[in-house]
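Each residue of the sequence shown is one higher than the one before, counting from 240 in the numbering used here. For reference, the structure is listed below as structure tokens.
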Amino acid sequence: MRIPLIAGNWKMNKSIEDARSFMQAVSDRLPEPAQIETAIAAPAILLETMLEMNSANHLRIGAENCYYEDSGAFTGETSPLALSEMGIPYVIVGHSERRSYFNETDDIINRKVHAVYRNHMTPILCCDETMGRLEAGEKIHWVVSQVTGALKDISDDLARQLVIAYEPSWAIGSGKSASADQAEEGCYLIRQTIADIYGDDVANQMRVLYGGSVNPDNISEIMAKPNIDGVLAGGASLDAKTFLQLVNYQK
Ligand code: 13P
């Protein structure tokens, strides 16, 4: 059985004080991880504060990015080894903002996926899709090539633990989510791609999330789809009250 994962991606939107207030507001009010896993991916500079304040230990505190080497002369980068030492379970890799603003290629993303696994963490691999590609009928080729590129030389056992997020760039931050059917189609395509590479067994175990303008009003319809195992929410994860509404989508 795939446990739902309701995850937030804060991007670069919070100060240390903001992170403290959020943790105070949510820490004791989250579901048991065995029923619904909840996570927030935050900038590296906030992680220690958040880990210290995660009293009930129900929230998975993730990183938004890391470098693909463990150490070395890479000024300003975040070491995956250090993240792992802190006890970070998840690292977002390949977000469309990293692909477009920081020129991350499938090759760089593949190296990062290896680095995250090498350090015993789980990547949340993001795949995007632009409106231009959708309209040009290139969606399938584009999504498949991102998945295969990112997972080059990743073993079956590692792929089994993977989380992939389908995040069409046209739905990110736009307030216009993909419809539940469009979200399901993208997530299904990703699961089929994993089945083609690793077989049905792995494809049925790994989790696929949808991201792009998810909010408390649309989450239930999205979560009802068979190939969607969770969401990756940006804006709606910033406010503690709204995040609690997301994680309680079943109530
Ligand atoms: P929004 O939920 O703000 O559209 O952001 C989605 C996203 O980019 C999550 O990674």
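Cβ atoms here follow ideal geometry from the backbone N, Cα and C, with glycine treated the same way. Since this is a predicted model, take the numbers as computed values, not measurements.
Asked                                                                                                                                                 : Found
By the three-class DSSP mapping on this structure, what secondary structure does E368 have?                                                           : strand
Can you tell which of G412, I327, N358, I436 has the C-alpha that lies nearest to the C-alpha of S394?                                                : I436
Thinking C-alpha only, which one of I429, D478, V382 is nearest V441?                                                                                 : I429
Give a yes or no on contact between the stretch 407-426 and the stretch 441-450, applying the rule of three or more CB pairs nearer than 8 angstroms. : yes
Quick one: is Y356 buried, meaning 16 or more other Cβ sit within 10 Å of its Cβ, or exposed?                                                         : buried
Please find out if some non-hydrogen atom of the ligand 13P comes closer than 7 angstroms to the beta-carbon of E377.                                 : no
From what residue to what residue does the beta strand (DSSP E) around V402 run?                                                                      : 402-407
Once the 5 residues before and after A410 are set aside, which same chain residues still bring their CB inside 7 angstroms of it?                     : S416, A417, G451, S452
Find out if the Cβ-Cβ distance for the pair D468, P243 is shorter than 8 angstroms.                                                                   : yes
Figure out for me which residue from W249, M292, I275 has the closest Cα to the Cα of Q263.                                                           : M292
I need the straight-line Cα distance from G412 to A463, nearest angstrom please.                                                                      : 22 angstroms
Cβ-heavy atom distance between I411 and the ligand 13P below 7 angstroms?                                                                             : yes
Can you tell me where the alpha helix (DSSP H) with T432 in it begins and where it stops?                                                             : 419-437
By how many angstroms is the C-alpha of N487 removed from the C-alpha of E256?                                                                        : 25 angstroms
Which word fits F482, buried or exposed, when buried means at least 16 other C-beta atoms lie within 10 angstroms of its C-beta?                      : buried
Nearest CA to the CA of A389: which residue from A404, A280, A375, E377?                                                                              : A404
Looking at the ligand 13P, does it come within less than 7 angstroms of E256, judged from the CB to the closest heavy atom?                           : no
From S310 to Q431, what does the alpha carbon distance come to, in whole angstroms?                                                                   : 36 angstroms
What alpha helix (DSSP H) runs, 4 residues minimum, are completely inside the stretch 289-349?                                                        : 319-325, 335-340
State the DSSP-derived secondary structure class of G469, mapped to helix, strand or coil.                                                            : strand
Sort L485, P282, E336 by Cα distance to A302 and report the nearest one.                                                                              : P282
For A278, which three-state DSSP category applies?                                                                                                    : strand
At a threshold of 7 angstroms, does A472 count as lining the ligand 13P (C-beta to nearest heavy atom)?                                               : yes
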